[in-house]
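Chemist:
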Amino acid sequence: MNPHLIKKLLLSKTRPGQLWLSVIGSGIGLCIMMLGVQLWVDVRSLMQEKEMLGRNYVVISKKITLLHSLSGAPRFSDPEIQELMALKSVDDIGKFTPSRFKASMSMNAQMGSMGGQLFKTDLFFESVPNRFVDIEADAWQWQPGAPQVPVIVPSEFIKQYNHAFASGQNMPVIPENLLKSLRFELLLSGNEKSDRYRGVIAGFSNRIQAILVPEPFMQYANSRYAPGGEAAPSRLILHAENPASPELLNHLKEKQIETAEDKVKEGKTRLLLEVVMLLLALLGAFIVALSMMGFLQYNQLLAYRSAYEIQTLHRLGYTQGNMVLPYFRFALRNLGIALALATGLFASLEAGIVGLFSQSGFNLPLHGWPWSLLCAFLAAMLMGWLCYRSIKNQVGRLAN
Amino acid sequence: MQLIHFFNVVPEPLADSPGSGRIWRQNRVFFKGKHYVVTAGSGRGKTTLINIIGGTRSDYKGDAFFDETNLRNITPNDFAAIRATSISVIHQDLRLFPELTARQNIDMNPLNDRDAVYIEKLATRLDILLQLNKPCGRMSLGQQQRVALIRGLVRPFEWLLLDEPFSHLDAINAKNAMEVVAEIANDRGAGIIATSLGSTELLKDFEILEL
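Chains C and H, in that order, give the protein sequences. So the mapping is simple: our numbering equals the position in the first sequence, first residue as 1, plus 9. So the mapping is simple: our numbering equals the position in the second sequence, first residue as 1, plus 1344.
#1: Is the segment 380 to 399 of chain C in contact with the segment 69 to 76 of chain C, if contact means three or more CB pairs nearer than 8 Å?
#2: Cα separation between asparagine 259/C and glutamate 89/C?
#3: Counting only Cβ-Cβ distances shorter than 8 Å, please list the residues of the segment 1399 to 1417 of chain H near chain C, keeping chain order.
#4: Chain C beta carbons: is any one of them nearer than 8 Å to that of glutamine 1346/H?
#5: Are leucine 1547/H and valine 1381/H closer than 8 Å when you measure CB to CB?
#6: Would you call the segment 1492 to 1509 of chain H and the segment 1449 to 1469 of chain H in contact, with 3 or more CB pairs under 8 Å?
#7: What is the DSSP secondary structure of phenylalanine 1501/H, reduced to helix, strand or coil?
#8: Chain H partners of serine 21/C, CB-CB under 8 Å?
#9: Taking only beta carbons into account, state which residues of the segment 305 to 337 of chain C come closer than 9 Å to chain H, listed in chain order.
#10: Span of the beta strand (DSSP E) holding isoleucine 1537/H?
#11: Assuming the contact rule is C-beta atoms closer than 8 Å, lysine 1390/H and aspartate 1507/H should be a hit. Round their C-beta distance to whole Å, please.
#12: What residues from chain H crowd round asparagine 11/C, counting only those whose CB sits closer than 7 Å?
#13: Could you tell me whether the Cβ atoms of asparagine 65/C and proline 252/C are closer together than 8 Å?
#14: Go ahead and pull the three-state DSSP assignment for serine 78/C.
#15: How would you call histidine 414/C, buried or exposed, if buried means at least 16 neighbouring beta carbons within 10 angstroms?
#16: Please check if any C-beta of chain H sits within less than 8 Å of the C-beta of phenylalanine 18/C.
#17: Across which residues does DSSP place histidine 1561/H in a beta bridge pair?
#18: Quick check: the Cα distance between alanine 1428/H and proline 1420/H, rounded to an integer number of angstroms?
#19: Phenylalanine 105/C to alanine 219/C, Cα distance in whole Å?
#20: Do glycine 303/C and leucine 48/C have their CB atoms nearer than 8 Å?
#21: Rounded to whole angstroms, what is the Cα-Cα separation between glutamate 165/C and glycine 293/C?
#22: Could you check the C-alpha separation between isoleucine 1397/H and glycine 1387/H for me, to the nearest Å?
#23: For glutamate 239/C, which residues does DSSP report across the bridge?
#24: Find the nearest neighbour of leucine 1358/H within the set Leu1393/H, Asn1414/H, Val1524/H, Asn1477/H, judged by alpha-carbon distance.
#25: If glutamate 283/C and isoleucine 69/C are in contact, beta carbons under 8 Å, what's the gap, nearest whole angstrom?
#26: Is the segment 1476 to 1490 of chain H close to the segment 1431 to 1448 of chain H, with three or more CB pairs under 8 Å?
#27: Touching or not, the segment 175 to 188 of chain C and the segment 224 to 234 of chain C, by the rule of three or more beta carbon pairs under 8 Å?
#28: With a floor of 3 residues, list each beta strand (DSSP E) that falls wholly inside the segment 218 to 265 of chain C, ordered by position along the chain.
#29: Cα-Cα, which of Pro379/C, Leu289/C, Ile102/C is closest to isoleucine 41/C?
#30: Just verifying my parser: in three-state terms, what is the DSSP assignment at proline 153/C?
#31: Could you check whether the Cβ of alanine 1424/H sits closer than 8 Å to any Cβ belonging to chain C?
#32: DSSP three-state call for asparagine 1477/H: helix, strand or coil?
#33: Using a threshold of 8 Å, state whether the C-beta atoms of tryptophan 394/C and valine 50/C are closer than that.
#34: With 8 Å as the threshold, decide whether the Cβ of glutamine 1448/H is near any Cβ in chain C.
#35: So what does DSSP say about lysine 17/C, is it helix, strand or coil?
#36: Identify every residue that forms a DSSP beta bridge with lysine 111/C.
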């Protein structure tokens, strides 16, 4: 047995042009798959970056009609909430609890020139369960008896104060980070009781147009200043995987429930993006599959061109395994080259793509590339296995 | 492998033709160490016989055995291993690799149990010593036939299957080759099954079997 001669005989018809075409083809296929995986992982993580109230939260309320001006705001009954919860796209529901007591806040000037009371206004609060508030847990705590109460304020509120009210009334303008360091006084009263608390702004919210206090404080204050008045909620906050899912939107429409329009639009944009990405991924998978087929075909063709040699060696007494091995080694070598090619191409395109995204104002987190490498490696393993099987079948067919 | 036993064997393509010979549809035993020549005209299945014993054809009716083993129970890979150590076939179409030299072709046996000196001696006797380093594709058919003979004789075998082995040789070369083949087969104690279109005068001491 002369392994060198066997190899020379079996691989005598490699046709370099076709060989490199198949290697480069599968390299490009693998590279496209790596880019696809990277973009998939990174763009998804870009889309899932959370704001204070995460992206997939929607606040809903019932439409107010003339009838309600007599009966008060329409409320959500427990069965209605369960109905919503039963929807596939809804993961979680939180009830808004409104304050039922009188509240006012005032800010004393420690800022010099004005002196005395700078600012005083009546207020109302709402609370939602803590799991819907995405700020540091430390900043969003209230223990019974604690004199200091954290508050979340809609950032729109501050803008209106600064741009419309303060400048018109000759009042000082206050930036958000300064506001966070200010302490103000909260006066809560009702049920013939009245207490002062120190308020501190724990954060600002774009998403929820309400002044929020921690839920334990709300329960404590409602029972202290307005006992026995528990009522069904008129606003709900939903956590939905996709706020624009037709199932959810149809249900809301049918039940005459209103939601913030921009939230839904954003959800639709997101949905569109996901559909486009899915299509791209499918296209990529198609290209990868085609390049794999090309590679397999090349190896089958290579064996086919040496049909006489395979048959003759078999007649001389070589087993099929003896003959599969040189082909398989050759295929593995080419696969290695394709993988190296794909990795190199991927690395050089990566820089360009990151640049493209940062030009458009997105910083890709670059979490995806290890997954790309893993997927490329797994795809190459799969290809190797398929190659082995197809070469084995081909040699078996040709030998007899 | 002491015996090759054919029991009611007939190739499928010949199944409908009436048979009166001494192998097809017969109970026929070949004994190791004996020499047989199978004669018949074209199309009577001489090459098929060689390929059935060589394990590269299985489209026949009836059963064939190596000692007690039915050939149908031997996988293609096991058959290849049997060929490598026990059966040497010299095909009618020679089955050489034209781009390889004679030496390389001889070297393509899975196992060779004779060394280069022996090969050169054999080449000298068959009068192709000077061609050993030439690609087989550039040789005459007669030279190629002798290369194929050498390749078939320097590997281990218990059975030597020769399919029209001297068809391209002139009378002198054929006689010479016949002597070499018989001598080596006898040295090894091997059985020979040869096929011939009709002329058997060279094949002394061969049992003649009409197909």
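All residues carry an ideal CB built from backbone N, CA and C; glycine is no exception. Computed from a prediction, not measured in an experiment: that's the story for all the values here.
Modeler: So, to answer that:
#1: The answer is no - the segment 69 to 76 of chain C does not touch the segment 380 to 399 of chain C, with fewer than three Cβ pairs under 8 Å.
#2: Rounded to whole angstroms, asparagine 259/C to glutamate 89/C spans 15 Å at the Cα level.
#3: Hits within the stretch, in order: Thr1400.
#4: Not an interface residue.
#5: Taking 8 Å as the cut-off, the beta carbon of leucine 1547/H is found closer than this to the beta carbon of valine 1381/H.
#6: Of all C-beta pairs linking the segment 1492 to 1509 of chain H to the segment 1449 to 1469 of chain H, three or more are shorter than 8 Å, placing the two stretches in contact.
#7: Reduced to three states, the DSSP call for phenylalanine 1501/H is coil.
#8: Chain H residues near serine 21/C: Glu1443.
#9: Of all residues in the segment 305 to 337 of chain C, Tyr317, Glu318, Gln320, Thr321, Leu322, His323, Arg324, Leu325, Gly326, Tyr327, Thr328, Gln329, Gly330, Asn331 have a Cβ within less than 9 Å of some Cβ in chain H.
#10: Element bounds for isoleucine 1537/H: 1535 to 1540.
#11: Contact flag correct, Cβ pair sits at about 7 Å.
#12: Among the residues of chain H, those whose CB is under 7 Å from the CB of asparagine 11/C are Asp1451, Met1452, following chain order.
#13: Yes.
#14: In the structure shown, serine 78/C adopts helical secondary structure according to DSSP, grouped into three states.
#15: Missing from the structure shown is residue 414/C; chain C here goes from 10 to 409 and no further.
#16: The amino acid occupying residue 18/C in the given sequence is leucine; phenylalanine does not appear at that position. Yes, because at least one Cβ of chain H sits closer than 8 Å to the Cβ of leucine 18/C.
#17: Look at the range of chain H in this structure, 1345 to 1555, and you will see that residue 1561/H is not part of it.
#18: Put simply, the backbone Cα of alanine 1428/H is about 12 Å away from that of proline 1420/H.
#19: Their Cα atoms are separated by approximately 10 Å.
#20: No, the pair does not count as a contact, with Cβ atoms beyond the cut-off.
#21: Taking the straight line joining both Cα atoms gives about 43 Å.
#22: Counting only the Cα atoms, glycine 1387/H lies some 18 Å from isoleucine 1397/H.
#23: Partner(s): none; glutamate 239/C has no beta bridge.
#24: Answer by Cα proximity: Leu1393/H.
#25: No, glutamate 283/C and isoleucine 69/C are not in contact; Cβ-Cβ is about 23 Å, not under 8 Å.
#26: Result yes; three or more Cβ-Cβ pairs closer than 8 Å.
#27: These segments do not touch.
#28: Here the runs fully enclosed are 244 to 249.
#29: Of the listed residues, the one whose Cα sits closest to isoleucine 41/C is Leu289/C.
#30: Coil, per DSSP.
#31: It does: the Cβ of alanine 1424/H has a partner Cβ on chain C nearer than 8 Å.
#32: Asparagine 1477/H: coil per DSSP, three-state reduction.
#33: For the pair tryptophan 394/C and valine 50/C, the CB atoms are not nearer than the 8 Å cut-off.
#34: Chain C, which has a Cβ nearer than 8 Å to the Cβ of glutamine 1448/H, makes this yes.
#35: Shown here, lysine 17/C sits in a helix according to DSSP, grouped into three states.
#36: Per DSSP, Ser198/C.
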